[in-house]
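In my numbering, the protein residues as written are 999 to 1270.
Backbone N, C-alpha and C define an ideal beta-carbon position, used for all residues, glycine too.
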Amino acid sequence: MITIKTLEEIELMRESALIVSKTLGMLAKEVKPGVTTHALDKMAETFIRDHGAEPGFLGMYDFPNSLCMSPNAQVVHGIPNKQPLVEGDIISIDCGAYKNGFYGDHAYTFEVGEVAPEVKQLLEITKQSLYVGIEQFKAGNRVGDVGYAIQKFTEDHGYGVVRELVGHGLGREMHEDPQMPNYGKRGRGKKFVDGMVVAIEPMTNMGTKDIVQLNDGWTILTKDGKPSAHFEHDIAIVNGKPEILSTFKYVNDALGIVTDIEDKFRAKPYGA
């Protein structure tokens, strides 16, 4: 069952989403060759708690950490460890925070030092596909409209779109209805209405769409061992239009990226 949020609840969800956004911004300065995902995970847990929230992932479904850290061919749900990142890696960092009874859930794939041009392109197209999908999250459209837009954009660039893992509704629970696949047919699925809040999160593989799971019960890998990218935003429908509750502003500031791509999805700008 889809839970519709009030404007007051959406503002509370924005607070949770922004804590995640600021956490990712803090981590953007720390992702570099030689750092371990275990160390980054501890930094994130401290940062989230210092900002009056609880790590959203820690202990959920018995997950052992605050961040899902998925380098290179890992798609999602990687477990932090003490192996240092190296020059040329990429690392998907998926983070959750719980505050005021609501979750924020937000992800970004970072470059570690200088990465290969074809990997950089994978990240850029996957990030763009997120906003292509958000464009379709508006009153009157349906789940399939978002999935179709993401799938067509990424497949037109020659990439594989993961089928088994999807975005989701978000609120007082981390995973609510509706499921939000990154593939689909236009005009199919649940209809969008004001007050819906979802996490849209394209997961795009450089090669095949096929995936496998490690014996740890969590880590998802590309079947062909090629890199995978993952970006995620939290979005509400307000006055019929998509309103991004999370932001990459803090990541962009840390990395020196100048973009206005989020502006049209925001009723008011975020402060520093």
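Out of the options, state which residue places its alpha-carbon closest to the alpha-carbon of residue i.
i, options, result
"P1069", "G1205, D1208 and F1108", "F1108"
"K1003", "M1024, L1168 and L1016", "L1168"
"P1115", "A1095, I1088 and F1135", "I1088"
"P1225", "A1252, P1240, M1201 and K1030", "M1201"
"Q1149", "N1139, D1232, I1123 and M1194", "I1123"
"A1071", "E1260, F1263, I1209 and I1259", "I1209"
"K1125", "G1111, A1137 and A1105", "A1105"
"L1212", "K1027, A1042, I1077 and I1091", "I1077"
"G1165", "G1158, V1195, G1185 and F1151", "V1195"
"G1054", "S1244, K1207, E1007 and Y1096", "Y1096"
"D1222", "D1251, D1258 and V1160", "V1160"
"G1080", "M1204, N1250, I1091 and D1039", "Correcting the residue identity first, residue 1080 is Lys in this sequence and not Gly. If we check each option's Cα against that of K1080, D1039 comes out closest."
"Y1059", "D1232, H1173, P1031 and L1219", "H1173"
"G1238", "D1103, Q1134 and E1052", "Q1134"
"G1182", "F1190, R1140, T1035 and G1205", "R1140"
"D1154", "M1204, G1050 and R1184", "M1204"
"F1045", "G1138, K1020, V1144 and N1250", "K1020"
"M1011", "F1246, E1171 and H1228", "E1171"
"P985", "K1188, N1098, D1048 and V1033", "The structure shown does not extend to residue 985, since the chain is modelled only from 999 to 1270, so the question has no answer here."
"F1229", "L1056, R1047, A1037 and V1073", "V1073"
"Y1248", "I1008, E1007 and A1026", "A1026"
Quick one: what does DSSP say residue i is sitting in, helix, strand or coil?
i, result
"N1139", "coil"
"K955", "Residue 955 lies beyond the range of the chain shown here (999 to 1270); nothing can be said about it."
"L1271", "This structure cannot speak to residue 1271, because the chain is shown only from 999 to 1270."
"M1178", "strand"
"M1201", "strand"
"V1210", "strand"
"G1269", "Confidence at G1269 is low in this model, with a pLDDT of 49, below 50, so its placement is unreliable and the value that follows should be read with caution. Of the three classes helix, strand and coil, the one that applies to G1269 here is coil, per DSSP."
"T1044", "helix"
"I1017", "helix"
"V1074", "strand"
"F1246", "coil"
"G1254", "coil"
"K1027", "coil"
"I1008", "helix"
"K1003", "coil"
"K1183", "coil"
"F1061", "coil"
On the DSSP bridge list, what partners appear for residue i?
i, result
"G1094", "D1103"
"S1068", "S1090"
"S1226", "N1203"
"I1235", "P1240"
"V1195", "A1234"
"T1035", "Looking at the DSSP assignment, T1035 forms no beta bridge with any residue, so it has no partner."
"K1189", "R1140"
"L1219", "Q1072 and V1210"
So, under 8 Å CB-CB, residue i and residue j are touching, yes? Tell me the CB distance rounded to an integer number of Å.
i, j, result
"C1093", "V1018", "5 Å"
"H1075", "I1198", "The pair is not a contact, with the Cβ atoms about 18 Å apart (cut-off 8 Å)."
"G1102", "D1232", "6 Å"
"I1235", "D1192", "5 Å"
"A1051", "S1244", "With 8 Å as the limit, A1051 and S1244 do not qualify as a contact, their Cβ atoms being about 14 Å apart."
Mind pulling the alpha helix (DSSP H) runs of 4 or more residues that sit fully within the segment 1105-1173?
1115-1133 and 1141-1154
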